[in-house]
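Line by line, the protein sequences give chains A and B. Just so we're aligned: the first sequence equals residues 770 to 1104 in the numbering used here. Just so we're aligned: the second sequence equals residues 5 to 136 in the numbering used here. Every residue, glycine too, gets a C-beta built ideally from N, C-alpha and C.
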Amino acid sequence: MESFKHIQTAHCENGVTVSLLKHNGVKFMTEPLAFGLGSGLFYIHIPFMKVNNGPAISFRTMPGAIFKRTCKSLDIKVERKKFKSKTEAQSFLNEKLNEGIPVGCQVGVFHLNYFPKAYRFHFNAHNLIVFGQEDGKYLISDPVMETTTTLFPEELEKVRFAQGALAPKGQLYYPKSVGDISEDLLRNAIKKGIKRNCRDMLHIPGGIAGVKGINYTANKIRGWRDKLGERQAALHLGQIVRMQEEIGTGGGGFRFLYAAFLDEASEILGNDQLLKISDQMTKAGDLWRDSALQMSGIYKGRLNSQKDYEDSAALLNEISAVEKDAFIQLSKIVY
Amino acid sequence: MKKSDLPQDKSDLVNFTREVCYVKNENGKYEAELSSGWDVKTDALNSAWLDIENRITEAKNLFLSGEASPIEYYMELKLMDYTVLAGYTGFWKWQIKKHKNPESFNRLNDGKLQKYADAFGVTLMELKKPSF
Chain A
770 MESFKHIQTA HCENGVTVSL LKHNGVKFMT EPLAFGLGSG LFYIHIPFMK VNNGPAISFR
830 TMPGAIFKRT CKSLDIKVER KKFKSKTEAQ SFLNEKLNEG IPVGCQVGVF HLNYFPKAYR
890 FHFNAHNLIV FGQEDGKYLI SDPVMETTTT LFPEELEKVR FAQGALAPKG QLYYPKSVGD
950 ISEDLLRNAI KKGIKRNCRD MLHIPGGIAG VKGINYTANK IRGWRDKLGE RQAALHLGQI
1010 VRMQEEIGTG GGGFRFLYAA FLDEASEILG NDQLLKISDQ MTKAGDLWRD SALQMSGIYK
1070 GRLNSQKDYE DSAALLNEIS AVEKDAFIQL SKIVY
Chain B
5 MKKSDLPQDK SDLVNFTREV CYVKNENGKY EAELSSGWDV KTDALNSAWL DIENRITEAK
65 NLFLSGEASP IEYYMELKLM DYTVLAGYTG FWKWQIKKHK NPESFNRLND GKLQKYADAF
125 GVTLMELKKP SF
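Listed below in structure tokens is the structure:
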């Protein structure tokens, strides 16, 4: 068996997907491609739910979906297991490692001690790869880290059985069998990934998801200052930026990633329209960064009038329009 | 974002890692590049921590004035919400809410208190009498 190679990526689940697939012979896999095949781009603002006392917002699709969809679209069989017993979870992991199979694990970051303390919240949808054992420690390839690291068995157990929302329950996953991936299969997978992403961004009913969800947040922002008071309202904006840009999450970052995917897709499919839409996604990413910069004026206390909140909201409305237009164009492409 | 615009500000990631970002290079092609951080993000994170410090102080004062049990304080200190604490202790959320009341907390036996101590990563003594 070939030795495992650590790959650093912008986002953890993309990273695990890329590393595990490459290790299993899918040499052409890149982070943007994994993200696009998995229809990773998303937006959702879940009402009535709080995360760390702020709004519950996500810029990407649900945890686990990118790996699952990317593999499925390339006819790759996947094994995924959750555990009730900690002992069982560890012995199954050891069994796989003894067979020379690197394994993806969902973990919580609060007890992940190689992370900087400032980033350690009770966030349970982080992903890493365990690829071996040495001197009583597990060898860890965490995609957001520049180099590999290690965890003692009790440390790994703790993060695999972290508690709270999205508790990982020892969950692990790996590609079971990879067949021949023809160019045709890849092309179809790309088209399917784009189509599904159009559906997720444009057609989910209810008004809190996709491009409509961005407007939903904008409307909320307009009312925050009056409803929550200046301090809490500013903190809520800070939370949006953190969800958008923080290590391993993305946001503006995810938009650039999707733009990079459309570039690759344009080359593989020989379609120039995709290149143009990629530019538009880049614009959306730039606008997300502008909005983060504007919001930072508020949570740093430099800006605090209602008009400043209106400006934040207006920027989000603009982003929503840009992304809507991009996905409408994507959904109209005839290959 | 252009490669030349990628921020390289100081952040809490120093000595831990740098982040991969996708940027456009001189030829208009996307490539992955490392960033040490961006002040806008660091400020958001710092303001969140400032808020946490405030919450901890408030919970500490509630404990000292006898209005809340140490559970309130430790939940803030360990950034836990009810779902997280319920997961680690096995208690229901409504039980935890009740145990935030000092009277109800004082009636708990050591076995139950130990569950809280374990969840917070402190000793039984530290749970009963937090040292600030």
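Separation of residue j from residue i, as counted between CA atoms
{"i": "A:Val820", "j": "A:Ala834", "result": "21 Å"}
{"i": "A:Gly939", "j": "A:Phe900", "result": "16 Å"}
{"i": "A:Ala1002", "j": "B:Asn65", "result": "24 Å"}
{"i": "B:Glu80", "j": "B:Ala63", "result": "7 Å"}
{"i": "A:Gly1025", "j": "B:Tyr26", "result": "A quick correction: the sequence has Phe, not Gly, at residue 1025 of chain A. The alpha-carbon atoms of A:Phe1025 and B:Tyr26 are separated by roughly 6 Å."}
{"i": "B:Ile56", "j": "B:Leu83", "result": "8 Å"}
{"i": "A:Lys886", "j": "A:Gly979", "result": "32 Å"}
{"i": "A:Met1050", "j": "B:Asn29", "result": "16 Å"}
{"i": "A:Gly998", "j": "A:Leu1072", "result": "14 Å"}
{"i": "B:Gln118", "j": "A:Asn966", "result": "48 Å"}
{"i": "B:Asp43", "j": "A:Asp844", "result": "43 Å"}
{"i": "A:Lys1045", "j": "A:Pro832", "result": "29 Å"}
{"i": "B:Asn58", "j": "B:Ala52", "result": "10 Å"}
{"i": "A:Gln1063", "j": "A:Lys961", "result": "36 Å"}
{"i": "A:Cys781", "j": "B:Pro11", "result": "21 Å"}
{"i": "B:Pro106", "j": "B:Tyr86", "result": "17 Å"}
{"i": "B:Phe124", "j": "A:Glu924", "result": "16 Å"}
{"i": "A:Asn783", "j": "A:Lys841", "result": "15 Å"}
{"i": "A:Ala779", "j": "A:Gly1022", "result": "8 Å"}
{"i": "B:Gln99", "j": "A:Ala1083", "result": "43 Å"}
{"i": "A:Asn896", "j": "A:Val1091", "result": "31 Å"}
{"i": "A:Ile977", "j": "A:Thr830", "result": "13 Å"}
{"i": "A:Val1010", "j": "B:Asn113", "result": "44 Å"}
{"i": "A:Tyr883", "j": "A:Val913", "result": "11 Å"}
{"i": "A:Lys1052", "j": "B:Lys97", "result": "44 Å"}
{"i": "A:Thr839", "j": "A:Ile950", "result": "12 Å"}
Chain-ordered chain B contacts of residue i [CB-CB under 7 Å]
{"i": "A:Ala1082", "result": "Correct list: empty, because the minimum Cβ distance to chain B is about 18 Å."}
{"i": "A:Gln940", "result": "Those within 7 Å of A:Gln940 in chain B number zero; the least Cβ separation is about 15 Å."}
{"i": "A:Tyr1068", "result": "Asp47, Ala48 and Ser51"}
{"i": "A:Gly1007", "result": "Ala48, Ser51 and Ala52"}
{"i": "A:Ala1028", "result": "Tyr34"}
{"i": "A:Ala936", "result": "Gly91"}
{"i": "A:Ser1065", "result": "Val44, Asp47 and Ala48"}
Cβ-heavy atom distance, residue i to the ligand NAD, below 7 Å
{"i": "A:Leu1004", "result": "The model on display carries no ligand, and the ligand NAD is accordingly not part of it."}
Chain-ordered chain A contacts of residue i [CB-CB under 7 Å]
{"i": "B:Trp53", "result": "Ala887"}
{"i": "B:Met5", "result": "Phe1025, Gly1054, Asp1055 and Arg1058"}
{"i": "B:Tyr92", "result": "Gln932"}
{"i": "B:Leu66", "result": "Within 7 Å Cβ-Cβ: nothing; B:Leu66 doesn't reach chain A, min ~17 Å."}
Cross-chain neighbours of residue i in chain B, by beta carbon under 8 Å
{"i": "A:Ala1002", "result": "Going along chain B, no residue has its Cβ under 8 Å from A:Ala1002, so there is no contact; the nearest lies around 12 Å."}
{"i": "A:Arg1011", "result": "Lys45, Ala48, Leu49 and Ala52"}
{"i": "A:Thr1051", "result": "Met5 and Lys28"}
{"i": "A:Asp1032", "result": "Lys33 and Tyr34"}
{"i": "A:Gly1022", "result": "Cys25 and Tyr26"}
Cβ neighbours of residue i in the same chain (closer than 6 Å, five flanking residues each side left out)
{"i": "A:Asp1077", "result": "Ile1067"}
{"i": "A:Lys906", "result": "Thr919 and Phe921"}
{"i": "A:Phe852", "result": "Ala858 and Gly939"}
{"i": "A:Ser1100", "result": "Cys967"}
{"i": "A:Gly877", "result": "Asn893, Val928 and Ala931"}
{"i": "A:Tyr1027", "result": "Leu810 and Met1050"}
{"i": "A:Gln1075", "result": "Arg994"}
{"i": "A:Phe1096", "result": "Cys967, Met970 and Leu971"}
Interface residues of chain A facing residue i [CB-CB closer than 9 Å]
{"i": "B:Phe20", "result": "Tyr883, Phe884, Pro885, Tyr888, Met914 and Glu915"}
Spatial neighbours of residue i in its chain, beta-carbon cut-off 8 Å, leaving aside the 5 residues before and after
{"i": "B:Asp16", "result": "Gly41, Thr46 and Leu49"}
{"i": "A:Gly1070", "result": "Ala1003"}
{"i": "B:Tyr34", "result": "Tyr26, Val27 and Lys28"}
{"i": "A:Leu1085", "result": "Ile983, Asn984, Thr986, Ala987, Ile990 and Ser1060"}
{"i": "B:Lys132", "result": "Pro74 and Leu117"}
9 Å Cβ cut-off: residues of chain B touching residue i
{"i": "A:His891", "result": "Lys82, Leu83, Met84, Asp85, Thr87 and Val88"}
{"i": "A:Leu1062", "result": "Val44"}
{"i": "A:Asp949", "result": "Ordered by position in chain B, no residue passes the 9 Å Cβ test against A:Asp949, which lies about 28 Å from the chain."}
Contacting residues, own chain, Cβ-Cβ under 7 Å from residue i (five flanking each side not counted)
{"i": "A:Asn793", "result": "Pro944 and Val947"}
{"i": "A:Met818", "result": "Ala825"}
{"i": "B:Lys104", "result": "Ala72, Ser73, Ile75 and Glu76"}
{"i": "B:Tyr120", "result": "Ile75, Thr93 and Leu131"}
{"i": "A:Thr917", "result": "His775, Leu908, Ile909 and Ser910"}
{"i": "A:Leu935", "result": "Pro832, Asn893 and Ala894"}
{"i": "A:Leu1056", "result": "Leu1084, Glu1087, Ile1088 and Val1091"}
Residue i: contacting residues in chain A (beta-carbon distance under 8 Å)
{"i": "B:Asp13", "result": "Residues of chain A passing the Cβ test: none, with the nearest at roughly 12 Å."}
CB contact check: residue i to chain D, cutoff 8 Å
{"i": "B:Leu17", "result": "No chain D appears in this structure, whose protein chains are A and B."}
- prompt: Contact between the region 1025 to 1040 of chain A and the region 946 to 963 of chain A: three or more CB pairs below 8 Å?
  reply: In short, these stretches touch, since the Cβ pair count reaches three.
message: Any C-beta of chain A within less than 9 Å: which residues of the region 72 to 86 of chain B qualify?
response: Going along the region 72 to 86 of chain B in chain order, one finds Lys82, Leu83, Met84 and Asp85 with a Cβ nearer than 9 Å to chain A.
- request: Report yes or no: do three or more beta-carbon pairs, one from the region 858 to 872 of chain A and one from the region 795 to 806 of chain A, lie closer than 8 Å?
  value: With a cut-off of 8 Å, the region 795 to 806 of chain A and the region 858 to 872 of chain A do not count as touching, because too few Cβ pairs lie within range.
- request: Using a Cβ-Cβ cut-off of less than 9 Å, give me the residues of the region 814 to 835 of chain A that come near chain B, in sequence order.
  value: For the region 814 to 835 of chain A, which is checked against every Cβ of chain B, the residues closer than 9 Å are Lys819, Val820, Asn821, Asn822 and Gly823.
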